[in-house]
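Trainee: Which chain is which? The protein sequence lines are A and B, in order. Per my numbering, the first sequence runs over residues 1 to 249. Per my numbering, the second sequence runs over residues 1 to 249.
Protein chains: 2
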Amino acid sequence: MTRFALSIEYDGRPFVGWQRQDNGPSVQAAIERAVHAITGEGVAVQAAGRTDAGVHALGMRAHVDIERALTPFRLMEALNAKLRPDPVAIIGCEIVSEAWHARFSCVARHYEYRIVTRRAPLTWERGLAWRVAVPLDAAAMAAGAARLVGRHDFTTFRSAHCQADSPLRTLDRLDVVAEGERISVFASARSFLHHQVRSMVGCLSLVGQGKWSPDDMAKALAARDRAALGLNAPPDGLYFLRADYPDPA
Amino acid sequence: MTRFALSIEYDGRPFVGWQRQDNGPSVQAAIERAVHAITGEGVAVQAAGRTDAGVHALGMRAHVDIERALTPFRLMEALNAKLRPDPVAIIGCEIVSEAWHARFSCVARHYEYRIVTRRAPLTWERGLAWRVAVPLDAAAMAAGAARLVGRHDFTTFRSAHCQADSPLRTLDRLDVVAEGERISVFASARSFLHHQVRSMVGCLSLVGQGKWSPDDMAKALAARDRAALGLNAPPDGLYFLRADYPDPA
């Protein structure tokens, strides 16, 4: 048995999310089906993060255990061939020890949330960014974002369906980068609560519109109450960028 | 009668191209249909460039003459509402004089061609870039591109279906910009021959692979023979960026 660590890029639009579900196609099921087609083995692929429906990944990490002897390159090539026409690509593959776990060994997760501010609808980017029809003040958003960095109870920014034991998380980075009509919010933490990035970005968009002050972000956080949430941003703009691990995998 | 200049963004994937055709949906027909739905008027929309099937635009310019009294803002909003769900967006609209012609007044056209070099298939970018499965030497491509800048007979880089009277064109810019696995080729000229950008980029990809030397670009140009063309790049990576006009429109 060999454990392979995969780096995966996917377009979240056609999927119900990362996780295998009964109600539609998932990224996990697509990859497990591809592994089965190649090896005949029934496997469970474990990922660093279980993205929601419509959320994308540029560098998701996952692992899978395979009995059949294969080089990482051969496995990657075969997976990419079998994954067609699903918009899922294996962009990296390496052998790791059995101690390496895509989810439990992960020490940092990095997301980007992409916003386009303009009145006109999106065209080629539809479903790949959140279109906000009014201008946003990126400097105010950055000031609001700074209020959330650090170790806090993020109950306000947590989905009612979140299964985490604790609402405490340490947010290491929440940066707002603007260029013309495009705004990206970069979020990094060891782990996130369910909907945390989308909820933080949704509230930051209110700050950007002047409906909230930067301090209202701190107030919402202090409320520790989902009812204090201003807005949950749609999945369209969210990208899982990469996951960090302590040792060379 | 009022002449409106439009700035248009579109995703070329579902279209047979800019131009109205019998064999499928075109961007031109989509906009003309939207104008008709708003004004009841049968109009012909003229564009700066007639892009091929699968070619995109970030800032196509076009004009349309409308009898009904409308402000540019109202026209833009109404067009965007009627264009749904087609991936076409009016991102700018202004009143211009009847002397202003999107095609004949245009003094420069700017294109970008996007290449992604990697073995894995594209996911969210499928149809939005040309995936080349091998690494490309961007410096060699830049050296090859420099051989084409200037006024030349571009017969080699011209489609057999090109309807232009002359194969002489002045290429003002052909720049290769690389960042990681992404390479963009920027091309600017007063006007281009049919398939000229794709043909130049196709040959540059051969230079990038080492199959051609930079001087082979000059030889292909000097041949003035379509048979000397190495490769025509696919439409996927081509974007009409913008058009320049001599006076404030």
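Just so you know, even glycine gets a beta-carbon here, dropped at the ideal spot from N, CA and C.
Kindly indicate if chain B contains any beta-carbon less than 8 angstroms away from that of Ala249(A).
Mentor: Here residue 249(A) corresponds to residue number 249 of the first sequence, with the count starting at 1. At Ala249(A), the pLDDT of 47 sits below 50, so the modelled position is not reliable and the matter cannot be decided from this model.
Trainee: Hey, out of Asn80(A), Phe192(A), Cys162(A), whose CA is closest to Leu275(A)'s CA?
Mentor: Since the first residue of chain A shown is 1 and the last is 249, residue 275(A) is not available in this structure.
Trainee: Strictly below 8 angstroms CB to CB, what residues from chain B border Ala89(A)?
Mentor: Indexing the first sequence from 1 puts residue 89(A) at position 89. Result: Ala120, Pro121, Leu122, Thr123.
Trainee: Going by C-alpha distance, which of Val64(A), Ala139(A), Lys82(A) is nearest Val96(A)?
Mentor: Stepping through the first sequence from its first residue, residue 96(A) is reached at position 96. Among Val64(A), Ala139(A), Lys82(A), the Cα nearest to that of Val96(A) is on Val64(A).
Trainee: Can you give, in chain order, each stretch of the alpha helix (DSSP H) that sits fully within the segment 193 to 249 of chain A and has at least 4 residues?
Mentor: Qualifying alpha helix (DSSP H) stretches, in chain order: 196 to 208, 214 to 223.
Trainee: What residue from Ala62(B), Ala69(B), Ile66(B), Cys93(B) has the CA that sits closest to Glu77(B)'s CA?
Mentor: For the purposes of this step, residue 77(B) is taken as the residue at position 77 of the second sequence. Nearest of Ala62(B), Ala69(B), Ile66(B), Cys93(B) to Glu77(B), Cα basis: Cys93(B).
Trainee: Could you name the residues of the segment 56 to 73 of chain A whose beta carbon sits closer than 8 angstroms to any beta carbon of chain B, in the order they occur along the chain?
Mentor: The segment 56 to 73 of chain A vs chain B, Cβ under 8 angstroms: His56.
Trainee: Would you list the residues sitting across from Met60(B) in a DSSP beta bridge?
Mentor: Working through the second sequence from its first residue, we reach residue 60(B) at position 60. The partner list for Met60(B) (beta bridge, DSSP) reads Ile8(B).
Trainee: Please confirm whether Leu204(A) has its beta-carbon closer than 8 angstroms to some beta-carbon of chain E.
Mentor: In the structure shown, chain E cannot be found, because the protein chains are A and B.
Trainee: Output the distance between the C-alpha atoms of Ala249(A) and Arg3(A), rounded to the nearest integer angstrom.
Mentor: By one-based count along the first sequence, residue 249(A) stands at place 249. By one-based count along the first sequence, residue 3(A) stands at place 3. Residue confidence is low: Ala249(A) scores 47 on pLDDT, short of 50, so the model does not pin down where it sits. Its coordinate-derived value is still stated next. Cα to Cα, Ala249(A) sits roughly 11 angstroms from Arg3(A).
Trainee: Enumerate in chain order the residues of its own chain whose CB-to-CB distance from Glu181(A) is below 7 angstroms, with the five nearest sequence positions on each side excluded.
Mentor: Residue mapping note: residue 181(A) aligns to position 181 of the first sequence, counting from 1. The residues are Val116, Thr117, Arg118.
Trainee: Just mark Val177(A) as buried or exposed, buried being the case when its beta carbon has 16 or more other beta carbons within 10 Å.
Mentor: In the first sequence, counting from the first residue as 1, residue 177(A) sits at position 177. Val177(A) comes out exposed.
Trainee: Against chain B, does Leu6(A) count as a neighbour if the rule is that its beta carbon must be under 8 angstroms from one of theirs?
Mentor: Mapped onto the first sequence, residue 6(A) falls at position 6. Not closer than 8 angstroms to any Cβ of chain B, the Cβ of Leu6(A) fails to qualify, so no.
Trainee: Count the other CB atoms, across all protein chains shown, that sit within 10 Å of the CB of Thr71(B); report buried if there are 16 or more and exposed otherwise.
Mentor: By 1-based counting over the second sequence, the position of residue 71(B) is 71. Thr71(B) comes out exposed.
Trainee: On a CA-only basis, which of Ser166(A), Arg198(A), Asp11(A), Trp100(A) is nearest Arg84(A)? Give me that one, please.
Mentor: Here residue 84(A) refers to the residue found at position 84 when the first sequence is read from its first residue. Minimum Cα distance to Arg84(A) is reached at Asp11(A).
Trainee: Flag this pair as touching only if the segment 28 to 39 of chain B and the segment 44 to 58 of chain A have three or more C-beta atom pairs under 8 angstroms; answer yes or no.
Mentor: No: fewer than three Cβ pairs fall under 8 angstroms.
Trainee: Taking only the alpha-carbon atoms, compute the straight-line gap between Val201(B) and Tyr113(B) and give it to the nearest angstrom.
Mentor: Position 201 of the second sequence, counted from the start, is the residue given in the question as residue 201(B). Position 113 of the second sequence, counted from the start, is the residue given in the question as residue 113(B). Roughly 8 angstroms between the two C-alpha positions.
Trainee: How big is the Cα-Cα spacing for Trp18(B) and Pro235(B)?
Mentor: Sequence index remark: in the second sequence, residue 18(B) carries index 18 (1-based). Sequence index remark: in the second sequence, residue 235(B) carries index 235 (1-based). Their backbone Cα atoms lie some 13 angstroms apart in a straight line.
Trainee: Look at Ala220(B) and Cys203(B) and say whether their C-beta atoms are less than 8 angstroms apart.
Mentor: Here residue 220(B) corresponds to residue number 220 of the second sequence, with the count starting at 1. Here residue 203(B) corresponds to residue number 203 of the second sequence, with the count starting at 1. Contact: yes.
Trainee: Report the rounded CA-to-CA distance for Ala227(A) versus His161(A), giving the unit in angstroms.
Mentor: The residue labelled residue 227(A) in the question sits at position 227 within the first sequence. The residue labelled residue 161(A) in the question sits at position 161 within the first sequence. Cα to Cα, the separation comes out at about 14 angstroms.
Trainee: Output needed in chain order: residues of the segment 128 to 139 of chain B with a Cβ under 8 angstroms from some Cβ in chain A.
Mentor: Residues Leu128.
Trainee: Could you tell me whether the Cβ atoms of Arg242(B) and His36(B) are closer together than 8 angstroms?
Mentor: In the second sequence, the residue the question calls residue 242(B) occupies position 242. In the second sequence, the residue the question calls residue 36(B) occupies position 36. For Arg242(B) and His36(B), no; Cβs fall outside 8 angstroms.
Trainee: Do Gly144(B) and Val207(B) come within 8 angstroms of each other at the CB atom, strictly closer than that value?
Mentor: Translated into positions along the second sequence, residue 207(B) becomes position 207. Translated into positions along the second sequence, residue 144(B) becomes position 144. Yes.
Trainee: By Cβ distance, which residues of its chain are closer than 8 angstroms to Asp225(A), with the 5 residues on each side in sequence left out?
Mentor: Stepping through the first sequence from its first residue, residue 225(A) is reached at position 225. Same-chain partners within the cutoff: Thr155, Thr156.
Trainee: Would you kindly report the start and end of the unbroken alpha helix (DSSP H) that includes Arg151(A)?
Mentor: Within the first sequence, numbered from 1, the residue matching residue 151(A) stands at position 151. Here Arg151(A) belongs to no alpha helix (DSSP H); instead the beta strand (DSSP E) covers 150 to 153.
Trainee: What does a CB cutoff of less than 7 angstroms around Pro135(B) pick up in its chain, not counting 5 residues either side in sequence?
Mentor: Here residue 135(B) refers to the residue found at position 135 when the second sequence is read from its first residue. Answer for Pro135(B): Thr117, listed in chain order.
Trainee: I'd like to know if Arg84(A) contacts chain B, where contact means its C-beta is closer than 8 angstroms to some C-beta of that chain.
Mentor: The residue given as residue 84(A) occupies position 84 in the first sequence. For Arg84(A), the answer is yes, since a Cβ of chain B falls inside 8 angstroms of its Cβ.
Trainee: Applying the criterion that 16 or more other CB atoms from any shown protein chain within 10 Å of the CB defines a buried residue, is Pro246(B) buried or exposed?
Mentor: For the purposes of this step, residue 246(B) is taken as residue 246 along the second sequence, with counting starting at 1. Looking at its Cβ environment, which holds fewer than 16 other Cβ atoms inside 10 Å, Pro246(B) is exposed.
Trainee: Who does Cys93(B) pair with in a DSSP beta bridge?
Mentor: For the purposes of this step, residue 93(B) is taken as the residue at position 93 of the second sequence. The partner list for Cys93(B) (beta bridge, DSSP) reads Leu6(B).
Trainee: Tell me the DSSP secondary structure of His36(A) in three-state form.
Mentor: Along the first sequence, one-based indexing puts residue 36(A) at 36. DSSP places His36(A) in helix when its eight states are reduced to three.
Trainee: Hey, could you find the ends of the alpha helix (DSSP H) Leu168(B) is sitting in?
Mentor: For this step, residue 168(B) is matched to residue 168 along the second sequence. Counting along the chain, Leu168(B) falls outside any alpha helix (DSSP H), though it belongs to the beta strand (DSSP E) covering 168 to 179.
Trainee: How would you list, in chain order, the residues of chain B whose beta-carbon sits under 7 angstroms from the beta-carbon of Arg126(A)?
Mentor: Within the first sequence, residue 126(A) is the residue found at index 126, counting from 1. Those are Pro87, listed as they occur along chain B.
Trainee: Under 8 angstroms, Cβ to Cβ, is there at least one residue of chain B near Asp11(A)?
Mentor: Residue mapping note: residue 11(A) aligns to position 11 of the first sequence, counting from 1. Closer than 8 angstroms to some Cβ of chain B, the Cβ of Asp11(A) qualifies, so yes.
Trainee: So that I know if they touch, is there some Cβ in chain A lying closer than 8 angstroms to that of Asn80(B)?
Mentor: On the second sequence, position 80 is the one that residue 80(B) refers to. Yes, because at least one Cβ of chain A sits closer than 8 angstroms to the Cβ of Asn80(B).
Trainee: When the Cα atoms are used, what is the spatial distance from Ser205(B) to Ala34(B)?
Mentor: On the second sequence, residue 205(B) is found 205 positions in, with the first residue counted as 1. On the second sequence, residue 34(B) is found 34 positions in, with the first residue counted as 1. Approximately 39 angstroms, taken between the alpha carbons.
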